[in-house]
Structures are given as C-alpha cells and as structure tokens.
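> Got a structure here, written out as structure tokens. Questions coming.
Residue numbers (the working numbering): 34 to 527.
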C-alpha cells in the first residue's frame, strides 16, 4: 500500500488540506500525511529516549604488577626502566579476539530475537564477568576473563548502530550515532576521576580491584534498565501513541533504508560481502582502531613515559576523553547541518591526527607540553571511526545486510584494537616509537580509503540519477525488505 494513503486518525482534522511535499536526504519528494510541526514533536520525543578503559587506569595501581603483566628488560642511561608490556598487551588483545568470535553470532541473535532482550542479557552477563576480574590472580586467569568480556560486548555496539536506523532518518543518523559513540570519550573523561579516587583508598583489597567490582555492579543495574525500557523499534514501543507510530512508519518509508525483519535473509548476508562499501567502512574503522586501541590500553603508560608521575598520568587522560567526545559531537553536528560532508570530515580528522602521531614520534622528550598536545591531536581521529560506523548503516538497505555490515564494521574495530596494543606492546617504552609510526601509517590509509570511497559513491549516485532521474516519488513499504543494490532509487550519503 502506498504511504500516501496512510491516515493519522488522531490528527485527521488538522491534516485535511495540509498535505505537503517533504524532501529527504536523497533529494526525493514524497507526499507527507503529517505536518512538519508534528514530525518535529515526534523527533524531540524519541531524542529524549535516547570498561575497557578501566584496565588502563588499573595499571597505575599495581594491576599489571600483581598479575605479572609487565617486565623490566633494561634501563636507559638516566636510569629510566625500559619495560616490556607484551603480556599486558596480550591481555588487552584477548578482549578483541573475544569480540571477533562473538560478533556474527550476536548479529544473528539480535535479528532473530528481540534486540533489547539480547542486549540486556549480554550487558547483565558482562557486568558479572567484569566483577570477576577482581578474582583473577595470574596471567591465564585474566586472559580467559578478557575473552568472555569481548564475546559479550560484541552484542552491544552493532545493535545500537542498527537501532539508530529504525528510529531516525539517514540525514538525522550521523548526529545520533555520534551521541552514543561520544560516550567513548565521556567514559575516558569520567572513569579516571573515579579510579583516581578509588586508587587513593587504602583497604584490604589492592587498589585496582574495586574499580572492576564497582563498574561491574553498576553495569548489572543498568542491564535492568535496558531490559524494561529499551524498545526494539517504533512499532513495538509502548511509549508512542498510535499517531506517532504512523509518523514513525512513514519516516521509515521515506528513509528508503529497508524493512524491520526478524527473518534472516541469506541473499542479503552474502551480498554484504560483495559490497565494497562494507569493506571500506570496516577498513576505516580498523585503521582508526590501531591508534585508538593503543591509547586506550597504553594511554596512561604513554603519558607516564612523557615524564608525568603515575597519578598525574591517570588524571591527564580526562582531557583526552573530553577532546575525543567533543570532536565526535562537532563532526556529528557539521554533517547534520551540511549534507554530504561525512567523508570530508573523516579525511580532515585523520589528517589532524597524523600530525599528532608525528609529534609523539619525533617530538623532543624534554617538552612534555608538546608531547601531551600530540596525544590530544591523536584523539581527534576517533571521530573518523565514528563517522565510518554511521556510514556502514546509513548507506546500506535491507535488515540482514545492514546488520551484517554493522557487524563487519566492528570486526574491523576489533582487528584494529588488536593490532594497536600489539604494536605498542612490542615497542619498548617509554618512547613507543614503533607504535606511533604504525599509527601514522594507518591514518594515512584512512585518508586514502575515505577519498576513494567518496569518489566511487558519488559516481554511483550520478549513474543512478541518469537511469531513474534525480527525484522519485517511490516509497517502499516498511515490510518490503530490499537491499540498496535492489533499489535504484536509493542514493548514498557522502
């Protein structure tokens, strides 16, 4: 049935004679059965409803020493210990190996069953496993612990990426994805303050153990909130009126991004692996994940190597988190206001961070301020990864294909976060030259892949315009689960 025939019963009197043309992200127009004011009201309503860093902080309070994850392999001329952190890097890497193992099975579960139930259950178990970290007393124990943390967390971020596409149109998704992705920076900003305070406590437990116990307990409580209050999609939400659900339905149709389906579509699953856009987003996220993963794991150690003491190094990670969150939100706002600027922002952010890696790699070791500023600049590239995550959903249509693309993107995230700590772990501290060199090379790769993908998608949009025309009145029903390759009226965001 054409969406132009949809009537919002509760607003019928207001809508009579007030039908207008609405332009979506692709420049197409469609007959809208509700006023712009009603859509804005609905948008405001859904907007209102809208760990790993702890291991880095714990290193400053004896975590790596207690579990024998760091060894001294020599000394510099001034007496500064040269350390090997290979075991510590392996413990961090094991989390992402677990993430890799769990990504596609979790993707299947979240499509076949309720997303909110799967995410809430995984969050509950994640909190329990995190609390068990405090019971680890050796290298093998922490390796198993981190493996299960990764498997369970693999359900969360890909699910949120897909959930955003169920509630917001493609022109709205960049900012909304940025809002939850910015929590990476917020956590980096807030957790050191909490952990700094916990590190000052002198009790019967080693200072690092309460960090995991408290965060795990809070996570378990939050899983209950997700279970009862996280809706799967607008159609099943009990917080929307019937009129608002009709608005949501029309927005999904106008969005032209595919259906909401619990049926696993094998053809779409395979199509995702034949689509260069999926590989592009995964590669960009992987390449940004190398410096991100390294700083997430070794951040406090790197700052400590600049000449700051342990507690100062922990406290100084707070402004890095603020820079990360702020850069993500700024690019989200820019891409929301100015259309087709996402790949441009990816290139700009990566280029700025290239400068940061060069400062940390080649900068004078006696200039702590300059080196710390370099870390600030490196943190900005996280925004590039956030945009690539959003593009993996915005430029894909079809539920199974979208879920597969999102999962594949986070596979790239895992691979990058495995490579980063390995490079830094194999690079002697406190300089970590090989680590910063590798980060610089990866960010150059981000610039190349983003530029090439933008060019290819622009050419594809032009070809589709020639075949079907720039404007189209086609509105696909929300139950019509077609991929972007099957819909020639689909246009890609840039």
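Note that CB positions come from ideal geometry on N, CA and C, so glycine has one too. In this text, all values refer to a predicted model and were calculated from it rather than measured experimentally.
Whole angstroms is fine: what's the gap from residue 306's alpha carbon to residue 137's?
So the alpha carbons of these two residues sit roughly 13 Å apart.
> Could you round the C-beta distance between residue 380 and residue 485 to whole angstroms and report it? I think they count as a contact, below 8 Å.
Residue 380 to residue 485, Cβ: 11 Å. No contact.
> Could you tell me the alpha carbon to alpha carbon distance between residue 388 and residue 411, rounded to whole angstroms?
Near 8 Å, if we compare the C-alpha coordinates of residue 411 and residue 388.
> Which whole runs of the alpha helix (DSSP H) in the segment 391-466 are 4 residues long or more, in chain order?
Segments of the alpha helix (DSSP H) lying fully in the segment 391-466: 401-412, 415-427, 432-459.
> Measuring straight from C-alpha to C-alpha, what distance separates residue 57 and residue 326?
Bear in mind that the predicted position of residue 57 carries a pLDDT of just 41, short of 50, making it unreliable; the figure below should be weighed with that in mind. Taking the straight line from one Cα to the other gives about 37 Å.
> With distances taken from CA atoms, which of 446, 521, 198 is nearest residue 323?
The shortest C-alpha separation from residue 323 is found at 446.
> Is the beta carbon of residue 501 less than 9 Å from the beta carbon of residue 314?
No. Outside cutoff.
> Taking the C-alpha atoms as reference points, what is the distance between residue 476 and residue 278?
If I take the Cα positions, the gap works out to 43 Å.
> List, from N- to C-terminal side, the alpha helix (DSSP H) runs of 4 residues or more that fit wholly inside the segment 117-162.
Within the segment 117-162, the complete alpha helix (DSSP H) runs of at least 4 residues are 119-145.
> Suppose the cutoff is 8 Å on Cβ atoms and the five residues either side in sequence are ignored; what does the same chain contact list for residue 206 look like?
197, 198, 423, 426, 427, listed in sequence order.
> Under a three-way DSSP split, which group does residue 187 fall into?
Here residue 187 sits in coil by DSSP.
> Could you have a look at residue 352 and say whether DSSP puts it in helix, strand or coil?
Looking at residue 352 - three-state DSSP - the assignment turns out to be helix.
> Closest to residue 120 by CA distance: which of 459, 370, 526, 156 is it?
For residue 120, the nearest C-alpha among the options comes from 459.
> Using a Cβ-Cβ cutoff of less than 6 Å, which residues in the same chain neighbour residue 256 once the five nearest sequence positions on both sides are dropped?
Only 153, 156, 157 meet the Cβ criterion.
> Measure the beta-carbon distance from residue 128 to residue 331 and round it to whole angstroms, keeping in mind my assumption that it falls under 8 Å.
That belief does not hold up - the Cβ atoms of residue 128 and residue 331 are roughly 14 Å apart, past 8 Å.
> What would DSSP say about residue 164, mapped onto helix, strand or coil?
Residue state, collapsed to three classes: helix.
> Within this structure, are the beta carbons of residue 421 and residue 216 separated by less than 9 Å?
No; because the gap between Cβ atoms is not below 9 Å, this pair is not in contact.
> Do residue 222 and residue 355 have their beta-carbon atoms positioned less than 9 Å apart in this structure?
Yes, the Cβ-Cβ distance between residue 355 and residue 222 is below 9 Å.
> Going by beta carbon distance, what residues of the same chain come within less than 7 Å of residue 126, once the five residues before and after it are set aside?
Closer than 7 Å at Cβ, skipping near neighbours: 451, 454, 455.
> Could you check what DSSP says for residue 266 in three-state terms: helix, strand or coil?
Note: residue 266 maps to coil in three-state DSSP.
> Taking the alpha carbon of residue 189 as the point to measure from, which residue in 151, 163, 209 has its own alpha carbon closest?
Minimum Cα distance to residue 189 is reached at 151.
> Could you spell out where the alpha helix (DSSP H) holding residue 549 opens and where it closes?
Residue coverage of the chain in this structure runs from 34 to 527, which leaves residue 549 outside it and unanswerable.
> Are the CB atoms of residue 418 and residue 317 nearer to each other than 9 Å?
For residue 418 and residue 317, yes; Cβs fall inside 9 Å.
> I need the DSSP call for residue 517, collapsed to helix, strand or coil.
Coil at residue 517, not helix or strand.
> Pull up the distance between the alpha-carbon of residue 140 and that of residue 517, whole angstroms please.
One C-alpha to the other measures close to 19 Å.
> Tell me whether residue 349 is buried or exposed, calling it buried when 16 or more other Cβ atoms sit within 10 Å of its Cβ.
Answer is buried; the Cβ neighbour count reaches 16.
> Extract the residue ranges of the alpha helix (DSSP H) inside the segment 351-380, only unbroken runs of 4 or more that lie entirely within it.
Listed in chain order, nothing qualifies, since the segment 351-380 has no complete alpha helix (DSSP H) run of 4 or more residues.
> If you draw a straight line from the alpha carbon of residue 312 to that of residue 214, how long is it in whole angstroms?
Straight-line Cα distance between these residues: approximately 20 Å.
> By DSSP, does residue 340 sit in helix, in strand, or in coil?
Coil.
> Contact check, residue 487 vs residue 309 under 8 Å by CB: the rounded distance?
Not really, about 12 Å apart at Cβ, beyond 8 Å.
> Closer than 8 Å by C-beta to residue 161: which residues in its own chain qualify, once you throw out the five before and the five after it? Chain order, please.
Answer for residue 161: 249, 253, listed in chain order.
> Using a threshold of 9 Å, state whether the C-beta atoms of residue 393 and residue 335 are closer than that.
For residue 393 and residue 335, yes; Cβs fall inside 9 Å.
> Can you give the Cα-Cα distance for residue 472 and residue 390, rounded to whole angstroms?
In a straight line, the C-alpha of residue 472 is about 7 Å away from that of residue 390.
> Which one of 363, 259, 243, 328 has the shortest CA to CA distance from residue 163?
Checking every option, the nearest Cα to that of residue 163 belongs to 243.
> Label residue 135 either buried or exposed according to how many other C-beta atoms from any shown protein chain fall within 10 Å of its C-beta, with 16 as the threshold for buried.
With 16 or more other Cβ atoms within 10 Å, it is buried.
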